[in-house]
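The opening position of the sequence shown corresponds to residue 137 in my numbering, with each subsequent residue numbered one higher. Every residue, glycine too, gets a C-beta built ideally from N, C-alpha and C. Just so you know, these numbers come straight off a predicted model, no measurement behind them.
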Amino acid sequence: AVAESVMMPATSAPEEVASGGPGDVELPKAMGRASSSSNSSSSKGKAKLSLEQGPILVGGVKCMEWSCWSSIREAKALGEHFLASGEDFFFGSLAEGTGKSGRIMALSTDHGFLVKELDEEDHRSLLSIAEDLIAHLLDGPSLIAPILMHFEVEPGQPNLPGHLAGRKFVVMLNVTRFHGRWTGLFDMKGCADDKTLIEDGEKVKVERRRCWHVHKWCSCCWSQQRRDYWEGKFVARNIQFRVTPEQHSLMGEQISRDAVFLRAKNLMDYSVLLGVLCVPRTELGLRLQQDSALKELLTRASDDPSRGPIVNQSEEVVQVMSMGIIDILQQWNCRKVLAMGIKVLERNKSTVPPAYYAERFQRVLTNYTFVPKAQHFDASTDVAAALSSAASFSFPSIDDSLRFSGFAWMYDKSESRPESSQRSWSVGTTDASLKSRIVARIRSRLGVRSKPRHAHSTPENSDKDAAASS
137 AVAESVMMPA
147 TSAPEEVASG
157 GPGDVELPKA
167 MGRASSSSNS
177 SSSKGKAKLS
187 LEQGPILVGG
197 VKCMEWSCWS
207 SIREAKALGE
217 HFLASGEDFF
227 FGSLAEGTGK
237 SGRIMALSTD
247 HGFLVKELDE
257 EDHRSLLSIA
267 EDLIAHLLDG
277 PSLIAPILMH
287 FEVEPGQPNL
297 PGHLAGRKFV
307 VMLNVTRFHG
317 RWTGLFDMKG
327 CADDKTLIED
337 GEKVKVERRR
347 CWHVHKWCSC
357 CWSQQRRDYW
367 EGKFVARNIQ
377 FRVTPEQHSL
387 MGEQISRDAV
397 FLRAKNLMDY
407 SVLLGVLCVP
417 RTELGLRLQQ
427 DSALKELLTR
437 ASDDPSRGPI
447 VNQSEEVVQV
457 MSMGIIDILQ
467 QWNCRKVLAM
477 GIKVLERNKS
487 TVPPAYYAER
497 FQRVLTNYTF
507 VPKAQHFDAS
517 TDVAAALSSA
527 ASFSFPSIDD
537 SLRFSGFAWM
547 YDKSESRPES
557 SQRSWSVGTT
567 DASLKSRIVA
577 RIRSRLGVRS
587 KPRHAHSTPE
597 NSDKDAAASS
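(1) Thinking C-beta only, is L386 closer than 8 Å to V456?
(2) Express the C-alpha separation of V289 and R303 in angstroms, rounding to a whole number.
(3) Since F227 and L296 should fall inside the 8 Å C-beta cutoff, what is the C-beta to C-beta distance between them, to a whole number of angstroms?
(4) G460 lies in the beta strand (DSSP E); which residues open and close that run?
(5) How would you write the range of the beta strand (DSSP E) that F305 sits in, first residue to last?
(6) DSSP state of E188, grouped into three classes?
(7) Thinking G248 and S221 are a contact (beta carbons under 8 Å), I'd like their distance in whole angstroms, please.
(8) Go to K431, then tell me how far its beta strand (DSSP E) extends in each direction, as first and last residue.
(9) Quick check: A372 and A494, are their CB atoms within less than 8 Å of each other?
(10) To which residues does DSSP link D323 through a beta bridge?
(11) Once DSSP output is grouped into helix, strand and coil, what is the label at I240?
(12) Which residue or residues does DSSP assign as beta-bridge partners of V294?
(13) Measuring only the C-alpha atoms, how far is F540 from T502?
(14) Is there contact here, the region 419-437 with the region 469-479, by at least three beta-carbon pairs under 8 Å?
(15) Using only CA atoms, which one of Q511, D246, L481 and R499 lies nearest to V454?
(16) Excluding the 5 residues preceding and the 5 following S382 in the sequence, name in chain order all residues of the same chain whose CB lies nearer than 6 Å to its CB.
(17) Assign D405 to one of two classes, buried (16 or more other C-beta atoms within 10 Å of its C-beta) or exposed (fewer than that).
(18) What is the rounded straight-line gap between the Cα of K401 and the Cα of K198?
(19) From L300 to D463, what does the alpha carbon distance come to, in whole angstroms?
(20) Tell me the residue span of the alpha helix (DSSP H) that contains V473.
(21) Suppose you measure from the CA of G326 to the CA of E232; what does that come to, to the nearest Å?
(22) In three-state DSSP terms, what is L465?
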């Protein structure tokens, strides 16, 4: 029923809002007053959505919501009060994110939703595209993370920290919802700004190189945290993910449809947030018995990436992937034009006009990042078979210190794409040697060390090597 309701057309609001030129958005001066939005690309005779504000409870706090997003909630079978109580969401959990904007954000209690602060520029951008974005999300499959609520916190409430009064927030579906640990979590833009957020279950700490950090322009002065962060960016630019031909076709159509829409709205700097979980086929039954989060993830699996996680398999592993397009509110404006000029010496950067950004985003993700080489995995029959086979054996519990390095498997099997050579700068090492160093670092974290090249072969050493390999 939820899947069918996604395809229903948006319900027209009874009142129309006068439209202006592109970007002519007037913010409400008082609570409850209507805002005007622009939409030069709307079809003739199409009714405008109402951008009136109405009261709503979020985390037990009184807020004023731009009510046009109720149609998305209805399509997702969510009621108006899905985040009303303090048990659903706690404003005290808001913290600064890892992005460059530094905006505060937090997940809901069940990890199903993300609440993120909007600055004034993003707030205006969202109001200007609200009508067309709602129609885009309801008219067909999309990888864009659905927006469920857009609200402003009312001031003067005793149970609310004073610094949050008057701030604007947006609530989105968490496209990588998983109560366990991803093997890898990636932020993919199809350029040199791709980055690894989680590597083999561990968060990668961010340490950026700014133009005023002169000492970081030479790799010999890098800290280990900076080196790990850069190597994570290198991996994200070169890694490939196997999907089935059907999944690849659906993914390509959805990425193309979303890229065309975002380009038409003069938007850029968006990315695909991708969570990947790799489980060895021989361990799947055991993991399903001991890991309820994995079982819950597989129950939501589908071959359509816009409807939930996708799952496939190869001869070695079962791979679960969950993804969505995020950060879609950045308009191409004078500030971005100036930033592009400042970064003129950088190649394959993210600060480029929307038309080129959309073309590169679509081309890189569909041709290089995702490759149709995986086999089909039936989430019902294959899971049942894995559980029945595991039930007939006695396995020890899984030790996290010796768990399978799916991240190393993904990287070992990947092939470099043409854009990988277009990096903005180098650390004085070849791709091959860096790849070997990254894989060696991952292996060392798991306690698996290679035998010295000139070590004497003895029965004792052979037994140790065999144990390490196991």
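Answer, in terms of the structure:
(1) no
(2) 6 Å
(3) 7 Å
(4) V453 to I462
(5) K304 to L309
(6) coil
(7) At roughly 14 Å, the Cβ-Cβ gap does not stay under 8 Å, so G248 and S221 are not in contact.
(8) No beta strand (DSSP E) contains K431, which is instead part of the alpha helix (DSSP H) from S428 to T435.
(9) No, they are not a contact pair.
(10) K331 and L409
(11) strand
(12) According to the sequence shown, residue 294 is Pro rather than Val. Per DSSP, none; premise fails for P294.
(13) Confidence is the limiting factor: at F540 the pLDDT is only 41, short of 50, which leaves the residue's position unreliable and the question unanswerable from this model.
(14) At 8 Å Cβ cutoff, the stretches do not touch.
(15) Q511
(16) Rather than Ser, the amino acid found at residue 382 in this sequence is Glu. Same-chain partners within the cutoff: D439.
(17) buried
(18) 32 Å
(19) 22 Å
(20) C470 to I478
(21) 25 Å
(22) Reduced to three states, the DSSP call for L465 is coil.
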